[in-house]
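Sequence lines, in order, name chains A and X.
For the first sequence, numbering that gives the first Met the number 0 assigns the number 0 to the initial residue and increments by one for each residue that follows.
For the second sequence, numbering that gives the first Met the number 0 assigns the number 0 to the initial residue and increments by one for each residue that follows.
Even for Gly, the Cβ is constructed at its ideal location relative to N, Cα and C.
There are 2 protein chains.
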Amino acid sequence: MKILVIGGVAAGTKAAAKLMREDRSNDVTILTKSDDISYAGCGLPYYVGNVIENKSQLIVNTPQSFSKLTGAKVLTKTEVTSVDTKAKTVKAIDLTTSQENTYTYDKLVIACGAAPVKPLIEGIDKDGVFYMRTPQDAISLRERIESGEIKRAVVVGGGFIGIEVAENLHKQNVKVSIVEMADTILPMFDEEFSLYMENSLADSGIMPFTKTQVVEILGEDKVEKIKTNKRAMKTDAVIMAVGIRPATKFLEGSGIDMMPNGTIKTDTSMKTNIDDVYAVGDCACVFNEQTGAPEWSAMGSSANVEGRIAAKNISGEKTEYKGVLGTAVVKLPEINAGRTGLSYNGAVKSGYDVITAVAAVDDKAHYYPGADSFIIKLIADKNSHKLLGVQVMGKGAVDKIIDIAVTAISLSATVEQLEGLDFAYAPPFSTAIHPFSHAINVLLNKMKGDIESITPYEYLHGAAEGYRVLDVSKAPNVEGADFVDFTEIKDAVDGYAKDDKILLVCNRGRRAYLTQNVLKSKGYTNTRVLEGGTAVNTVEV
Amino acid sequence: MKILVIGGVAAGTKAAAKLMREDRSNDVTILTKSDDISYAGCGLPYYVGNVIENKSQLIVNTPQSFSKLTGAKVLTKTEVTSVDTKAKTVKAIDLTTSQENTYTYDKLVIACGAAPVKPLIEGIDKDGVFYMRTPQDAISLRERIESGEIKRAVVVGGGFIGIEVAENLHKQNVKVSIVEMADTILPMFDEEFSLYMENSLADSGIMPFTKTQVVEILGEDKVEKIKTNKRAMKTDAVIMAVGIRPATKFLEGSGIDMMPNGTIKTDTSMKTNIDDVYAVGDCACVFNEQTGAPEWSAMGSSANVEGRIAAKNISGEKTEYKGVLGTAVVKLPEINAGRTGLSYNGAVKSGYDVITAVAAVDDKAHYYPGADSFIIKLIADKNSHKLLGVQVMGKGAVDKIIDIAVTAISLSATVEQLEGLDFAYAPPFSTAIHPFSHAINVLLNKMKGDIESITPYEYLHGAAEGYRVLDVSKAPNVEGADFVDFTEIKDAVDGYAKDDKILLVCNRGRRAYLTQNVLKSKGYTNTRVLEGGTAVNTVEV
Chain A
0 MKILVIGGVA AGTKAAAKLM REDRSNDVTI LTKSDDISYA GCGLPYYVGN
50 VIENKSQLIV NTPQSFSKLT GAKVLTKTEV TSVDTKAKTV KAIDLTTSQE
100 NTYTYDKLVI ACGAAPVKPL IEGIDKDGVF YMRTPQDAIS LRERIESGEI
150 KRAVVVGGGF IGIEVAENLH KQNVKVSIVE MADTILPMFD EEFSLYMENS
200 LADSGIMPFT KTQVVEILGE DKVEKIKTNK RAMKTDAVIM AVGIRPATKF
250 LEGSGIDMMP NGTIKTDTSM KTNIDDVYAV GDCACVFNEQ TGAPEWSAMG
300 SSANVEGRIA AKNISGEKTE YKGVLGTAVV KLPEINAGRT GLSYNGAVKS
350 GYDVITAVAA VDDKAHYYPG ADSFIIKLIA DKNSHKLLGV QVMGKGAVDK
400 IIDIAVTAIS LSATVEQLEG LDFAYAPPFS TAIHPFSHAI NVLLNKMKGD
450 IESITPYEYL HGAAEGYRVL DVSKAPNVEG ADFVDFTEIK DAVDGYAKDD
500 KILLVCNRGR RAYLTQNVLK SKGYTNTRVL EGGTAVNTVE V
Chain X
0 MKILVIGGVA AGTKAAAKLM REDRSNDVTI LTKSDDISYA GCGLPYYVGN
50 VIENKSQLIV NTPQSFSKLT GAKVLTKTEV TSVDTKAKTV KAIDLTTSQE
100 NTYTYDKLVI ACGAAPVKPL IEGIDKDGVF YMRTPQDAIS LRERIESGEI
150 KRAVVVGGGF IGIEVAENLH KQNVKVSIVE MADTILPMFD EEFSLYMENS
200 LADSGIMPFT KTQVVEILGE DKVEKIKTNK RAMKTDAVIM AVGIRPATKF
250 LEGSGIDMMP NGTIKTDTSM KTNIDDVYAV GDCACVFNEQ TGAPEWSAMG
300 SSANVEGRIA AKNISGEKTE YKGVLGTAVV KLPEINAGRT GLSYNGAVKS
350 GYDVITAVAA VDDKAHYYPG ADSFIIKLIA DKNSHKLLGV QVMGKGAVDK
400 IIDIAVTAIS LSATVEQLEG LDFAYAPPFS TAIHPFSHAI NVLLNKMKGD
450 IESITPYEYL HGAAEGYRVL DVSKAPNVEG ADFVDFTEIK DAVDGYAKDD
500 KILLVCNRGR RAYLTQNVLK SKGYTNTRVL EGGTAVNTVE V
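Pasting the structure below:
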């Protein structure tokens, strides 16, 4: 079987390699306009930060080594210009000779990826404007840093790539700001998580400016200043990380169905609307596992899964893609953060009757060195009790919490099914009550009515209006609030009537829950626990 | 409701606290013969190693602080001597006054724990013999280390506690040996895993002696030497970690059903055979989630779950315990190891038609600093395709792999349901093809017949007899074996007939799989991949 693969980074090489393993008599050729294939796209920001020291580490395989390993052919500097799905041919230009060649196929895999968005801003072509898509992008930026030319940088875009680049510039002692058009950075997280991360970045010295749009990049030859709708900032470099766009323009008129954003529509076998034509990786539109809605998942991890699934289906082994959950994890200078499944707003939009719980818990036995906190948010459906989404922040292994959630959500678990699981415990790794179980217990308590609370999200949106803040921490913790130690409460709290609206605030939420429990037994009827306490919320009295 | 709780470490305090939260009008009293309650039993080895620096960190709550926090009463130095389940009374001796008192209850929770086994060996009472059960045990041992009296130590027992104590003694520069009666240390792991860990311990300078039984402890006043059935060893201390025994002798004649090992039989609500009497923690016998068979799970993590479940059921909220999976995780000096679900032998004994796969994979993006390997073993049922068990070793976050498996096994997932999940990926955390997914892919390939292999377990048991070892690593790696680079194979491998029995060995197993794929296409019919390669197996030609 003659198979052409357009593009050779993650999804393309994965598909090609698997196709050859499935049947070594296959004739598989990768066509790519680039010199490199199979590079570590996700590692680029870490090369900038010198976390990855050598260029060579960015290259997983050269075209030669890949061919030797897999038996697939690789044609580099070969830019595909059109696809004729009826004739089953592909036209491509040899970028060395400028000659156009026609290639035939039995099966076609499109893995042409995406290119960074280049906004139409005055000054965008100035020296000192960088992107973060190819090894050369990362190499050029690091050279400039190491030569001392870049002391200050502005990253435009507060998504995952922007944050990773900012973290790595910061590691290189570059003074970094992040400019983001949206209301928050990392908008795939719920608002309170994004705000928390903004504060964390600011604490580390990386300034995030949200609701801020770049208007112009100024400078004689080189970048000297960036002008936004709010302020102007001197800078030696601008790193554009405002998103990517599928590199699918050459498919116009091919009859292959595309989404409005230019991604290629696929079914669960990764096939397009045209028989024998498949699409995988950053150029493909897949679907959300929970809602079934089309979703663009431009991730190295999805690319690999999709490449494998396409290859299996092409080889005659029917395998269905399960779809994506929008899983992601990111390292900030001080904390890590991860998410999977539906966000709060996503779940509401999808029509669920949503209940959430935020728990601030230990990530390891509290007495073990390096122990810290996780802030875990669970999002569930009140009717089916299914877990819909999880978000987590902390210094430790947030990826563990996310991967548990990915497994649970993929298997359609209810909150009750996740109660009291026999998770791994020893002091260097976890807590006797596993942090995930702890969060599940809080959610169960809340579903049962044992905790009446205001969530950080609700708090941000004014739900505590009319409530008096009562500081119930172990030691006074909220400036301007009355303080009470619940273990000292006899019959009532002085100055608080039994039907007063009282917001119970402590460091993490747990002591507020214990206080509420006591106050209820004393006849208090209108108390609310502030979930996550001051660990998550900025409380002002 | 008047509730007595016998015992106050993990399960007892958890049950008491939750009972009070469920209804603050409950009258809950903990009776314990000890001075301390609620101490960090699992942290004791780490106190020995000075990983936990201060004694105070071992105490989660004092009796006073616990009472204040929860509203439950605590009677320390109060040893329960008998239970009358008809009269609903408990007799206990006040160890300070030697007076016997009788306490009545509506509900009884037995959480009396377990005590270390003290084998009947000559010399067992000598000064210098230690156990690892109470804070005082750990404190005494560390004092002796810090005073310079202990330069050499022998740990008797190669289970989790024994290994943890050995690791921590090693941290304190004590020369440690481990003596274990069984064929391997950590016998809850499959043999090849246990052997690997023995080698790893030996490499770090901790000598494990298996199939070795202690005969006598020698010395004038203090321990000077330990005599085994194989050898004698000079030592300054002996730490007995040969297991624990439920402290349930006082229940004889109470009518409460017990298992032959002295644990208390419970149902899924943690109730014993007697109405209103519950048992939780190390003294209780629970059940295996997969087989339904009775199982003793003397773990801090189970204790907490059981305490909570008992309290909920006593409070009228029907909640079923899910049972245990035998989950455990342990830190050795050089690697971590974890397990959950059925072992290979356990699965065979339970009547499953078992298939396993061992994969040696990266734990993080290979270019990210600190990246290392996981060795993952998946155990599944050939008929239902259900995942039955997982074992993992590596320098990194083995607990993540185990917790994914716990979630999957608890939700009865098939291997196919676990294919291509949207796990969390970024270079600091994982690989683009998640290590768990990678192992699942190997198992799927094997189930489909795409890989024909010999497992490390089969290899240990002679399955490679009659096979010629062919080294197919990237560079020669197996002494005395022929070497071939599969990318250079034209039509045949010189000197190997197409029907020769050939064992393909590489560093981790992957290259052997690729080689097998090529050799099959050239007409070779009898090749086998050695799963896990030399990373897992000790290959001799």
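- With 16 or more other Cβ atoms inside 10 Å of its own Cβ, H437 (chain A) counts as buried.
- When Cβ-Cβ separations below 7 Å define contact, C505 (chain X) makes no contact with chain A.
- Of the candidates A:G448, A:G218, A:M232, A:G218 places its Cα closest to the Cα of D126 (chain A).
- The alpha-carbon separation between A165 (chain A) and S146 (chain A) amounts to approximately 18 Å.
- Look at M258 (chain A) here: in three-state DSSP terms it is coil, with no helix or strand label.
- According to the DSSP assignment, Y495 (chain X) belongs to no alpha helix (DSSP H), since it is labelled neither H nor E.
- Among the residues of chain A, those whose CB is under 9 Å from the CB of A39 (chain X) are A364, H365, Y366, P426, A431, following chain order.
- Ranking X:K264, X:N272, X:G299, X:R151 by CA distance to the CA of V285 (chain X) puts X:K264 first.
- E288, S296, M298, G299, S300, S301, A302, N303, V304, E305, R307, I308: these are the residues of the segment 281-314 of chain A whose beta carbon lies less than 9 Å from some beta carbon of chain X, given in chain order.
- Close to F373 (chain X), with beta-carbon spacing below 9 Å, lies no residue of chain A; the smallest spacing is near 13 Å.
- Bounds of the alpha helix (DSSP H) holding A15 (chain A) are 9-21.
- Residues of chain X whose Cβ lies closer than 7 Å to the Cβ of R20 (chain A) are, in chain order, N516.
- Only buried fits F373 (chain X), as 16 or more other CB atoms lie within 10 angstroms of its CB.
- Secondary structure at N287 (chain A): strand, using DSSP grouped into helix, strand and coil.
- At a cut-off of 7 Å between beta carbons, A346 (chain X) makes no contact with chain A.
- DSSP places I400 (chain A) in the uninterrupted alpha helix (DSSP H) bounded by 397-409.
- Annotation for K174 (chain X): R151 place their beta carbon closer than 6 Å to its own, counting only its chain and skipping 5 residues before and after.
- Against G261 (chain A), chain X offers no close residue; the least beta-carbon distance is about 22 Å (beta-carbon pairs closer than 8 Å).
- The CB of K67 (chain A) comes closer than 8 Å to the CB of T486 in chain X, given here in chain order.
- In the three-state reduction of the DSSP assignment, G112 (chain A) falls in the coil class.
- Within the segment 393-411 of chain A, A396, D398, K399, I401, D402, I403, V405, T406, A407, S409, L410 place their CB atoms closer than 7 Å to a CB of chain X, listed in sequence order.
- A check of alpha carbon separations from A379 (chain X) across X:L341, X:K363, X:T101 identifies X:L341 as the nearest.
- Taking a contact as a CB-CB distance under 8 Å, the pair E305 (chain X) and A327 (chain X) does not count as one, their CB atoms being some 16 Å apart.
- If you look at P207 (chain A), you'll find it in the beta strand (DSSP E) that goes 206-208.
- Sequence-distant partners of D352 (chain A) (beyond 5 residues in either direction) whose C-beta falls short of 7 Å from its own C-beta, in its chain, are D380, K381, N382.
- For L57 (chain A), the neighbours in chain X by C-beta distance under 8 Å run, in chain order, Y366.
- M446 (chain A) carries a helical assignment under DSSP once its states are collapsed to helix, strand and coil.
- For M232 (chain X), no alpha helix (DSSP H) encloses it; the enclosing beta strand (DSSP E) starts and ends at 231-233.
- Under a criterion of Cβ atoms nearer than 7 Å, the residues of chain A adjacent to R23 (chain X) are, in order, N516, V517, S520.
- With respect to chain X, the C-beta atom of L324 (chain A) has a partner C-beta closer than 7 Å.
- For I51 (chain X), the nearest CB of chain A lies under 7 Å from its own CB, placing it at the interface with that chain.
- Remark: fewer than three beta-carbon pairs, one from each stretch, lie closer than 8 Å, so the segment 332-350 of chain A and the segment 423-438 of chain A are not flagged as touching.
- Following the DSSP letters along the chain, one finds T227 (chain A) inside the beta strand (DSSP E) bounded by residues 224-227.
- DSSP, read as helix, strand or coil, puts Q390 (chain X) in strand.
- In this structure L74 (chain A) does not touch V89 (chain A) by the C-beta definition: roughly 11 Å separates them, more than the 8 Å allowed.
- The DSSP-derived three-state label of A152 (chain X) is strand.
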